[in-house]
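Written below as structure tokens is the structure these notes are about.
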Amino acid sequence: MSPVDVASDSGGGGHASPATVGDKLVWTLVRPEGTDFKDFQQYVLEDLANAAGGLVVGTTQVRVTLQERHAFSGALVKIGDTDRRVDAVVQVISANSYVATDPVNAVLAANCGHVQGWRVKPTTMDDASPQVAIGKPSPFVQALWMNQRIDGVTPEFYSCNWYLHGGHPDGQEAETDESRANRKEMEARGMQRWYIQNRVLEPITPTAWVIHGFADLTFPSLIPIVGERYDPKAGFDEEHFDRWPPRLIQGAAYRVI
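If you want it as structure tokens, here you go:
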């Protein structure tokens, strides 16, 4: 069985977590030079994301994150001599495993100034998000924390501490009675939020960044400029595992399909 053949995203919420995931693909998009910011985001939301979903076999969900124009990002891509911010992120979930990506990569590249993508394995830490109508924004601001493993530590160290941070006391991806209790406690707070960890399996395009995972979560408000590293001992006793600060994308989240 391949790593993404299992139901790796166990659901629980209405907006973010389908019950079964065969494959999950993620792309960051930068608008073409000279294209209006709002026009490009509207195009992604109303047209390009749908096209992407239609080009992936077995698509069950497409989600779009639109970077808030005046909010902190940190997700910069150098194009020529200029640092450009990521304008949008498209996530496609398929019921099939290891789907072909060349067709969708070609369409995204032809309509964007820069595209980079990854195949990931999602794990839901908690999800109390409500059902949201197609094309309507999520109740809270979505944040995507793209992070990189600290230099000099093993993938196993990174993975273990990342899952500790997510509320899995044994540091493993699989759910246990303790992790389910942590999840139930978070979901019972009634915050209408979600928190999904996405472990990178492989890049599916040439990439400007090296990342090993990203957290997809929601907050009541925008996050100000990210400063010093948080204290991991104030959480679930994980060690430092990722480079800080991570690349951050934040803004409205939409379910397109």
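With the numbering used here applied, the sequence shown covers 1 to 257.
For every residue, glycine included, the Cβ atom is placed at its ideal position computed from N, Cα and C.
query, result
"Whole runs of the beta strand (DSSP E) within the segment 25 to 84, excluding any shorter than 3 residues", "59 to 67 and 76 to 79"
"Own chain, CB closer than 6 Å to ALA95, minus 5 neighbours either side, in chain order", "GLY22, GLY58 and THR60"
"Own chain partners of PHE214 with C-beta closer than 7 Å, once the 5 adjacent residues on each side are dropped", "LEU144, TRP145, MET146, ASN147 and ASN198"
"Inter-residue spacing [alpha-carbon to alpha-carbon] between ASN51 and GLN67", "A small fix is needed here, since residue 51 is Ala in this sequence, not Asn. The straight-line gap from Cα to Cα measures roughly 20 Å."
"Outcome for ASP242 when other beta-carbon atoms lying within 10 angstroms are tallied against a minimum of 16", "buried"
"Run of the beta strand (DSSP E) containing TYR98, from where it starts to where it stops", "It is not in any beta strand (DSSP E) - TYR98 carries neither H nor E in the DSSP assignment."
"Span of the alpha helix (DSSP H) around LEU217", "Taken as a continuous stretch (DSSP letters only), LEU217 belongs to no alpha helix (DSSP H), being part of the beta strand (DSSP E) at 213 to 219."
"Where the beta strand (DSSP E) through TRP118 begins and ends", "114 to 127"
"Through-space distance from MET191 to HIS165, alpha-carbon basis", "19 Å"
"Neighbourhood of LYS24 by C-beta distance below 6 Å, restricted to the same chain and skipping five residues each side", "ILE93, VAL120 and PRO122"
"Cβ of ALA253 within 8 Å of any chain B Cβ", "The chain labelled as chain B is not found in the depicted structure, where only one protein chain is given."
"Distance between beta carbons of HIS168 and SER179, contact taken as under 8 Å", "4 Å"
"Exposure of LEU222, with buried meaning 16 or more beta-carbon neighbours within 10 Å", "exposed"
"Secondary structure, alpha helix (DSSP H): runs of 4+ residues fully inside the segment 124 to 179", "155 to 165"
"Closest Cα partner of ALA75 within the set ILE257, GLY251 and VAL256", "GLY251"
"CA nearest to the CA of VAL153, picked from HIS240, GLY14, LEU55 and ARG255", "HIS240"
"Rounded C-alpha distance that separates ALA150 from GLY113", "This sequence places Ile at residue 150; Ala is not what is there. The straight-line gap from Cα to Cα measures roughly 30 Å."
"Endpoints, beta strand (DSSP E) assigned at TYR195", "194 to 203"
"Candidates GLY235, ALA234, PRO245 and HIS212, of which the one nearest GLU228 by Cα", "PRO245"
"Cross-strand partners of ARG247 (DSSP beta bridge)", "MET146"
"Top-ranked residue by Cα proximity to ALA110, from ARG69, ILE249, GLU238 and VAL44", "VAL44"
"Those residues which DSSP pairs with TYR254 across a bridge", "VAL64 and PRO137"
"Of the listed residues THR205, PRO220, THR20 and ILE211, nearest to SER97 (C-alpha basis)", "THR20"
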